[in-house]
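> Okay, so the sequence shown: first residue is 2 according to this note's numbering, each after it adds one.
C-beta: ideal position from N, C-alpha, C; glycine also.
Remember, it's a predicted structure, so these values are computed and weren't measured experimentally.
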Amino acid sequence: MEVVGTVGLPGAVGPRGGPVGDYTEDGRYVMRAEVPGLSPEDIDVFLSDGILTVQAERTEKDVTKNHGEIRYGAMSRSVTLPPGADENDVKADYTDGMLTVSVGLGAEKAEAKHVKIRHGN
2 MEVVGTVGLP
12 GAVGPRGGPV
22 GDYTEDGRYV
32 MRAEVPGLSP
42 EDIDVFLSDG
52 ILTVQAERTE
62 KDVTKNHGEI
72 RYGAMSRSVT
82 LPPGADENDV
92 KADYTDGMLT
102 VSVGLGAEKA
112 EAKHVKIRHG
122 N
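(1) Over the uninterrupted beta strand (DSSP E) stretch that includes Ala86, give me the two end residues.
(2) So what's Glu70 in DSSP terms, helix, strand or just coil?
(3) Could you tell me whether the Cβ atoms of Ala86 and Val104 are closer together than 7 Å?
(4) Apply the 10 Å Cβ neighbour rule to Tyr24 and answer buried if 16 or more other Cβ atoms are within range, or exposed otherwise.
(5) Could you check whether Gly28 and Leu106 sit closer than 7 Å to each other, using their CB atoms as the reference points?
(6) Taking the beta carbon of Arg119 as the centre, do at least 16 other beta carbons fall within 10 Å, making it buried, or is it exposed?
(7) Use the C-beta contact count for Ala113: other C-beta atoms within 10 angstroms, 16 or more gives buried, fewer gives exposed.
(8) Are Ser1 and Gln56 closer than 7 Å when you measure CB to CB?
(9) Just verifying my parser: in three-state terms, what is the DSSP assignment at Glu61?
(10) Looking only at its chain, what residues have a beta carbon closer than 6 Å to the beta carbon of Val102, apart from the 5 residues adjacent to it on each side?
(11) Pull up the distance between the alpha-carbon of Arg17 and that of Tyr30, whole angstroms please.
Put into structure tokens, the structure is as follows:
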């Protein structure tokens, strides 16, 4: 997995906010991300130019606290999709704090184009 960019929840271990893993299964690229304590409405998944991005934000309630260790803030992870990824075949599921995004790998790969070189005068 080529990680393009990361921004983590404040107080998280490392700069990413939560663990992410990826694999290929049944002709699909699959990325899983731990984003516990959020609802699907707090998570945004989008693709652009071969980059898959997951963004999420946990907002803090405006209450007086006696003690607080819960992480709040925004996180973002971007990864480069493998060659042949079909950006029109994307599925996302959020269950028990685990986001799973899968992208079909059936897209035709663009053939290399030969560029004719002109001789300058």
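This is what the structure holds:
(1) Walking along the sequence shown from the start, residue 86 turns up at place 85. No beta strand (DSSP E) contains Ala86, which DSSP labels as neither H nor E.
(2) Counting from 1 along the sequence shown, the entry for residue 70 is found at position 69. Residue state, collapsed to three classes: coil.
(3) Looking up residue 86 in the sequence shown gives position 85. Looking up residue 104 in the sequence shown gives position 103. Yes, these two residues count as a Cβ contact at 7 Å.
(4) Taking the sequence shown and counting its residues from 1, one reaches residue 24 at position 23. It counts as exposed.
(5) Looking up residue 106 in the sequence shown gives position 105. Looking up residue 28 in the sequence shown gives position 27. Closer than 7 Å, so yes.
(6) Counting from 1 along the sequence shown, the entry for residue 119 is found at position 118. The residue is exposed, with fewer than 16 neighbouring Cβ atoms inside 10 Å.
(7) For the purposes of this step, residue 113 is identified with residue 112 of the sequence shown, where counting begins at 1. Ala113 should be labelled exposed.
(8) Here the chain comprises residues numbered 2 to 122, so residue 1 is not present and cannot be evaluated.
(9) Indexing the sequence shown from 1 puts residue 61 at position 60. Three-state result, Glu61: coil.
(10) As a first step, residue 102 is located in the sequence shown; it is residue number 101 there, counting from the start. Closer than 6 Å at Cβ, skipping near neighbours: Met32, Val46 and Ala93.
(11) As a first step, residue 17 must be located in the sequence shown, where it is residue number 16. As a first step, residue 30 must be located in the sequence shown, where it is residue number 29. A caution first: Arg17 carries a pLDDT of 45, below 50, which makes its placement in the model too unreliable to give a value.
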